[in-house]
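Per my numbering, numbering through the sequence shown is continuous, rising by one, with the last residue being 337.
First comes the structure, then the notes that go with it.
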Amino acid sequence: MGQRSALITGITGQDGGHLAQLLLEQDYQVFGVIRGQSNVKKSEFLDEYPNVTLIEADLLDSASIIRAVEQADPDEFYNLAAISHVGYSFKNPTLTLDTTAGGVLNCLEAIRLTGRGSSTRFYQASTSEMYGGLDYNRPGLGYDEHSPFHPRSPYGVAKLYGHWITKNFRESYGMFASCGILFNHEGERRGLEFVTRKISNAVARISLGLQDHVELGDLWPKRDWGYAGDYVRGMWQMMQHSEPDDFVLATGETHSIEDFLSQAFNAIGVDDWHPYVRRNEAFTRPAEVDILLGNPAKAEDVLGWKREVDFAGLVSRMVAHDISLLDGNRSS
Ligand code: NAP
Ligand code: F7E
């Protein structure tokens with residue numbers, strides 16, 4: 006078999022970086038979609054991954070995605086691009102709809118219209134936000150591939166369209182199109198706008214005397230938080246499976262933001278985080294997802310997927326990374 010090729014949208018995002026690394030290690034030829042005429046992440050990305058070929062395209066521009074598919078001629082197409090921030094999606098719902106929902110259709114159509122419907126395998130980044138947390142009626146068991154969907158944000162609603170249009174292309178055209186229903190996954194590459202990285206970065210800055218508090222919204226919601234490196238391995242495993250299917254990736258544990266704060270502040274020797282945290286309504290949402298807990302039994306049984314990093318390990322590696330990053334910046 007010759008060298009395999011993969012096209013990744015969202016390559017500048019958290020999962021895009023982890024996935025590019027995984028595929029390069031496996032000797033794939035990796036192509037990444039990059040948008041914007043002066044994307045600040047471009048040179049940063051190329052410094053880290055000089056062997057990734059970047060293609061200028063935008064999920065909103067269907068012709069550009071067709072050209073990207075023609076240039077990369079991918080064996081595997083990972084659609085990771087999205088407006089992915091839930092809070093932002095309430096403020097910009099139309100852009101979220103066009104990107105996070107319509108963008109998926111543009112990718113699928115690009116594969117089909119370029120005659121690659123039977124040769125290119127497609128991965129869609131579906132999400133636990135499609136469940137919404139309201140119908141959590143099986144305490145302890147968690148959401149699985151058969152649980153009902155009830156999205157609670159423009160982001161969740163848009164992702165549900167992406168999920169169903171991917172299944173529709175599988176059923177209508179026989180495409181190898183799979184959806185990974187991934188619960189929250191975090192790590193050193195997580196954007197600072199997401200709560201875990203916002204906390205790990207603030208805790209690192211507090212420990213170094215660079216700030217004295219952090220402003221957050223609601224602290225009671227619970228999430229099933231795993232490590233992104235484990236989850237991109239699961240994406241790849243879905244693409245190697247004998248048939249297209251949908252899989253939940255999760256840890257099977259759920260923790261509140263308060264739990265995350267305790268763990269993160271413990272890592273710098275602080276027992277009581279309350280003096281360092283202030284509430285700011287700006288970080289709350291019009292509708293909240295109270296609790297998410299996933300059941301990854303199918304991925305474990307069928308794909309042999311297993312997460313390696315646990316909650317404590319995740320928090321401590323994020324805090325340690327942010328401390329060393331800030332230390333390095335201070336001394337350079
Ligand atoms: P992320 O860090 O927010 O990255 C999003 C990526 O999408 C960025 O590379 C961004 O590029 C790109 N993008 C946005 N709009 C675009 C457009 N119009 N055209 C092309 N690219 C565009 O997201 P992530 O955490 O890596 O997540 C990857 C995917 O998994 C997303 O679809 C997300 O919704 C989904 N997901 C994430 C989680 C999680 O916990 N991380 C869980 C379930 C599902 P720029 O650099 O140009 O902005
Ligand atoms: O919020 C609460 C917030 O923005 C987590 C995305 O990757 O995972 C992510 O979505 C919780 C929510 O992630 C702040 O209200 C409190 O209850 O880190 P988040 P998310 O909304 O769970 C899913 C699976 C995805 O698919 C998404 O793409 O934390 N929270 N205070 C806060 N959240 C933020 N961002 N900032 C705060 O200050």
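In this text, a Cβ means the ideal position worked out from N, Cα and C, and glycines have one as well.
Model, not experiment: these values are computed from the prediction.
Inset, instruction - Assign valine 314 to one of three DSSP states: helix, strand, or coil. - result: Coil.
Inset, instruction - Could you please give the first and the last residue of the uninterrupted alpha helix (DSSP H) stretch that includes leucine 113? - result: 108 to 118
Inset, instruction - Could you give the DSSP three-state label for histidine 279: helix, strand or coil? - result: helix
Inset, instruction - Consult DSSP for tyrosine 128 and reduce its assignment to one of helix, strand or coil. - result: strand
Inset, instruction - Could you give the DSSP three-state label for arginine 72: helix, strand or coil? - result: helix
Legend entry - Where asparagine 206 falls: helix, strand or coil (DSSP): helix
Inset, instruction - Thinking glutamate 134 and proline 153 are a contact (beta carbons under 8 Å), I'd like their distance in whole angstroms, please. - result: Contact between glutamate 134 and proline 153 does not hold, since their C-beta atoms are separated by about 14 Å, which reaches or exceeds 8 Å.
Inset, instruction - Determine the DSSP secondary structure at serine 67, reduced to helix, strand or coil. - result: helix
Legend entry - Buried/exposed call for asparagine 111, threshold 16 Cβ in 10 Å: buried
Legend entry - glutamine 34 - containing beta strand (DSSP E), residue span: 34 to 39
Inset, instruction - For valine 38, collect the residues of the same chain with a Cβ closer than 6 Å to its Cβ; drop the 5 residues on either side in sequence, then sort them by chain order. - result: Taking C-beta separations shorter than 6 Å and ignoring five residues to either side along the sequence, the partners of valine 38 in its chain run Thr14, Ile60, Ala62 and Ala73, following chain order.
Inset, instruction - Please confirm if the stretch 219 to 231 is in contact with the stretch 195 to 203, defined as three or more CB-CB distances below 8 Å between the two stretches. - result: With the cut-off at 8 Å, the stretch 219 to 231 and the stretch 195 to 203 touch.
Inset, instruction - Can you tell me which of the three DSSP states glycine 333 falls into? - result: Helix.
Legend entry - isoleucine 413: CB within 7 Å of a non-hydrogen atom of the ligand NAP: Because the chain is modelled from 6 through 337, residue 413 falls outside the range shown and cannot be assessed.
Legend entry - Same chain only: Cβ atoms within 7 Å of tyrosine 136, ignoring 5 sequence neighbours per side: The residues Tyr148, Ser152, Phe154, His155 and Leu297, in chain order, have a CB closer than 7 Å to that of tyrosine 136 in the same chain once the five nearest residues on each side in sequence are set aside.
Legend entry - Distance cut-off 7 Å: threonine 101 Cβ against heavy atoms of the ligand F7E: no
Inset, instruction - For tyrosine 178, I'd like the list of residues in its chain whose CB is within less than 7 Å of its CB, leaving aside the five on either flank, ordered along the chain. - result: Arg117 and Gly122, listed in sequence order.
Legend entry - Chain-order list of residues whose beta-carbon lies under 6 Å from that of glutamate 193 (same chain, five-residue window excluded): His326
Inset, instruction - For leucine 146, count neighbouring C-beta atoms within 10 Å of its own C-beta (all shown protein chains included) and say buried if the count is 16 or more, exposed if not. - result: Exposed, because fewer than 16 other Cβ atoms sit within 10 Å of the Cβ of leucine 146.
Inset, instruction - Could you spell out the range, first to last residue, of the beta strand (DSSP E) harbouring aspartate 251? - result: 251 to 254
Inset, instruction - Drop a sphere of 10 angstroms on the beta-carbon of lysine 96, count the other beta-carbons inside from all chains shown, and report buried for 16 or more, exposed for fewer. - result: exposed
Legend entry - Cβ-Cβ separation, phenylalanine 127 to methionine 180 (assumed contact under 8 Å), whole Å: 6 Å
Legend entry - Of the residues Gly222, Phe36 and Asn334, the one placed nearest arginine 284, counting alpha carbons only: Gly222
Legend entry - Environment of histidine 260 [buried if 16+ CB atoms lie within 10 Å]: Burial state of histidine 260 is buried, judged by a 10 Å Cβ sphere holding 16 or more other Cβ atoms.
Inset, instruction - Assign glutamate 248 to buried or exposed, taking buried as 16 or more other Cβ atoms, counted over all protein chains shown, within 10 Å of its Cβ. - result: exposed
Inset, instruction - Would you check if there are 3 or more beta carbon pairs closer than 8 Å linking the stretch 298 to 315 to the stretch 210 to 219? - result: no
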